[in-house]
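The structure appears below as structure tokens.
Protein chains: 2
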Amino acid sequence: MNLALEEARAAAARDEVPIGAIIVDGAGKTLARAGNRTEELADPTAHAEMEVIRQACALRGEPRLPDCSIYVTLEPCPMCATAISFARLGRLYYGAADAKGGGVEHGPRIFHQSTCHHRPELYPGIGEDQAAALLREFFQDRR
Amino acid sequence: MNLALEEARAAAARDEVPIGAIIVDGAGKTLARAGNRTEELADPTAHAEMEVIRQACALRGEPRLPDCSIYVTLEPCPMCATAISFARLGRLYYGAADAKGGGVEHGPRIFHQSTCHHRPELYPGIGEDQAAALLREFFQDRR
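Those protein sequences? They're chains H and B, same order as listed. Numbered continuously in the numbering used here, the first sequence closes out at residue 536. Numbered continuously in the numbering used here, the second sequence closes out at residue 536.
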């Protein structure tokens with residue numbers, strides 16, 4: 394999660410909402426790392442999770458990553474949670490919960506839907522305090 | 394919807410699940426058109442809707458497309474429905490309903506969630522018969 398937090402800090406330095414993600418393979422090797430890039434790319438789909446899924450799949454030449462884990466600093470939104478399911482990621486570790494926009498334990502609770510065909514193992518609250526502090530500081534500075 | 398159906402047919406010819414999408418601006422100009430590319434790119438996020446949203450936003454240099462409409466041959470999944478909401482698309486026209494994987498009138502019903510902050514106008518069932526026939530033929534041929 395430290396690498397994901399680094400990516401979140403780097404995103405903040407680029408004036409992006411500070412969220413970071415990494416994908417690690419079954420041997421513990423980091424396959425992909427990214428921060429949020431929605432502002433830079435003017436792309437509403439360029440969340441950190443989407444970026445690392447696309448990177449890791451491109452690297453492997455495979456659309457499924459069942460041996461891999463994704464670490465994200467914030468609870469994924471419904472778009473990213475669904476993408477995590479499509480990518481068949483084995484484990485999801487995330488930091489702060491997101492009551493307003495989350496899609497794992499809030500809102501549509503994507504992995505609990507009958508139309509969700511793969512549910513990763515879930516590990517919430519990992520590095521939660523640091524991830525939440527980063528987001529709080531970012532939005533305070535902009536008020 | 395005819396252009397979206399053309400893109401779905403082109404996807405089938407590339408051995409992709411036949412789903413197509415286009416984005417049209419407020420003046421009726423087609424900004425982006427794409428079929429599903431998940432196999433070609435080994436990218437589980439490369440649904441037709443995501444491709445056209447990314448294309449149209451890149452073209453405009455804007456992450457929001459409130460004056461635009463998206464036409465898709467199948468009910469969007471929860472990932473794409475959420476992306477449509479993030480892109481603030483004004484209107485969503487879609488063809489066949491998707492009881493197994495849809496996220497608009499099935500499963501998480503994304504636009505009805507309290508965590509969904511933008512809901513497009515919804516026009517289901519447009520070109521439904523042709524879109525459904527394309528999918529049926531595609532999966533029959535592969536059995």
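Don't be surprised by glycine CBs; every beta carbon is placed ideally from N, CA and C. As the structure is a computational prediction, the values presented were derived from the model and not from experiment.
Can you pull the chain B neighbours of residue 470 of chain H, defined as C-beta to C-beta under 9 Å?
If you number the first sequence from 1, residue 470 of chain H lands on position 77. 475, 479 and 508, listed in chain order.
From the DSSP output, read off the bridge partner residues of residue 415 of chain B.
What you label residue 415 of chain B is simply residue 22 of the second sequence in a count that begins at 1. B:426 and B:464.
Against residue 565 of chain H, what residues of chain B qualify as contacts under a CB-to-CB distance less than 8 Å, listed in chain order?
Nothing can be reported for residue 565 of chain H: it is not among the residues displayed for chain H, which extend from 394 to 536.
Closest residue to residue 413 of chain H among H:469, H:500 and H:419 (Cα-Cα distance)
By 1-based counting over the first sequence, the position of residue 413 of chain H is 20. Closest by alpha carbon: H:469.
Looking only at C-alpha atoms, which of H:447, H:431, H:460 and H:443 sits nearest to residue 514 of chain H?
Counting from one through the first sequence, the residue named residue 514 of chain H turns up at place 121. Ranking the options by Cα distance to residue 514 of chain H, first place goes to H:460.
In chain order, what residues of the same chain lie with their CB nearer than 7 Å to the CB of residue 449 of chain B, ignoring the 5 residues before and after it?
Taking the second sequence and counting its residues from 1, the one referred to as residue 449 of chain B is at position 56. For residue 449 of chain B, where only same-chain residues beyond five positions count, the Cβ hits under 7 Å are 416, 424, 425, 458 and 461.
Exposure of residue 433 of chain B, with buried meaning 16 or more beta-carbon neighbours within 10 Å:
Translated into the one-based positions of the second sequence, residue 433 of chain B becomes position 40. It is exposed - the Cβ of residue 433 of chain B has fewer than 16 other Cβ atoms within 10 Å.
List in chain order: all unbroken alpha helix (DSSP H) runs of 4+ residues lying wholly within the region 468–524 of chain B.
471–479
Kindly list the residues whose CB is nearer than 7 Å to the CB of residue 491 of chain B, restricted to its own chain and excluding five residues on each side of it in sequence; keep chain order.
By one-based count along the second sequence, residue 491 of chain B stands at place 98. The answer, listed in chain order, is 467, 468 and 499.
Chain-ordered residues of the region 420–432 of chain B with a beta carbon less than 9 Å from chain H
431 and 432
Between H:418, H:518, H:463 and H:501, which has its C-alpha nearest residue 471 of chain H's C-alpha?
The sequence position of residue 471 of chain H within the first sequence is 78, counting from 1. Among H:418, H:518, H:463 and H:501, the Cα nearest to that of residue 471 of chain H is on H:501.
For residue 458 of chain H, does the three-state DSSP call read helix, strand or coil?
For the purposes of this step, residue 458 of chain H is taken as the residue at position 65 of the first sequence. Of the three classes helix, strand and coil, the one that applies to residue 458 of chain H here is coil, per DSSP.
Looking at the C-beta of residue 499 of chain B, does it have a partner C-beta in chain H at a distance below 7 Å?
Walking along the second sequence from the start, residue 499 of chain B turns up at place 106. Yes - at least one Cβ of chain H is within 7 Å of the one on residue 499 of chain B.
Among B:524, B:518 and B:496, nearest to residue 512 of chain B - alpha-carbon criterion
Numbered from its first residue, the second sequence carries residue 512 of chain B at position 119. Residue 512 of chain B has its Cα closest to that of B:496, out of B:524, B:518 and B:496.
What do you reckon, are the CB atoms on residue 488 of chain B and residue 519 of chain B nearer than 7 Å?
Against the second sequence, residue 488 of chain B aligns to sequence position 95. Against the second sequence, residue 519 of chain B aligns to sequence position 126. Yes, the Cβ-Cβ distance between residue 488 of chain B and residue 519 of chain B is below 7 Å.
Along the alpha helix (DSSP H) that carries residue 443 of chain B, what are the first and last residues, could you check?
On the second sequence, residue 443 of chain B is found 50 positions in, with the first residue counted as 1. Counting along the chain, the alpha helix (DSSP H) containing residue 443 of chain B begins and ends at 441–453.
Does DSSP put residue 526 of chain B in a helix, in a strand, or in coil?
Position 133 of the second sequence, counted from the start, is the residue given in the question as residue 526 of chain B. Helix at residue 526 of chain B.
DSSP three-state label for residue 438 of chain B, please.
Here residue 438 of chain B refers to the residue found at position 45 when the second sequence is read from its first residue. Looking at residue 438 of chain B - three-state DSSP - the assignment turns out to be coil, as it is neither helix nor strand.
Rounded C-alpha distance that separates residue 397 of chain B from residue 464 of chain B
One-based indexing of the second sequence puts residue 397 of chain B at position 4. One-based indexing of the second sequence puts residue 464 of chain B at position 71. Their backbone Cα atoms lie some 7 Å apart in a straight line.
Check the Cβ-Cβ distances between residue 483 of chain B and every residue of chain H, and say whether any is below 7 Å.
Here residue 483 of chain B refers to the residue found at position 90 of the second sequence. Judged by the 7 Å Cβ criterion, residue 483 of chain B is not in contact with chain H.
Nearest-angstrom Cα separation, counted from residue 474 of chain H out to residue 567 of chain H
In the structure as shown, chain H begins at 394 and stops at 536. Residue 567 of chain H is therefore absent and cannot be evaluated.
Spatial neighbours of residue 405 of chain H in its chain, beta-carbon cut-off 7 Å, leaving aside the 5 residues before and after:
Indexing the first sequence from 1 puts residue 405 of chain H at position 12. Counting only Cβ-Cβ distances below 7 Å, and skipping sequence neighbours, we find 411, 527 and 531.
What do you get for residue 507 of chain H, buried or exposed, if any count of 16 or more other CB atoms within 10 angstroms of its CB means buried?
As a first step, residue 507 of chain H is located in the first sequence; it is residue number 114 there, counting from the start. By the neighbour-count rule (16 or more Cβ atoms within 10 Å), residue 507 of chain H is not buried but exposed.
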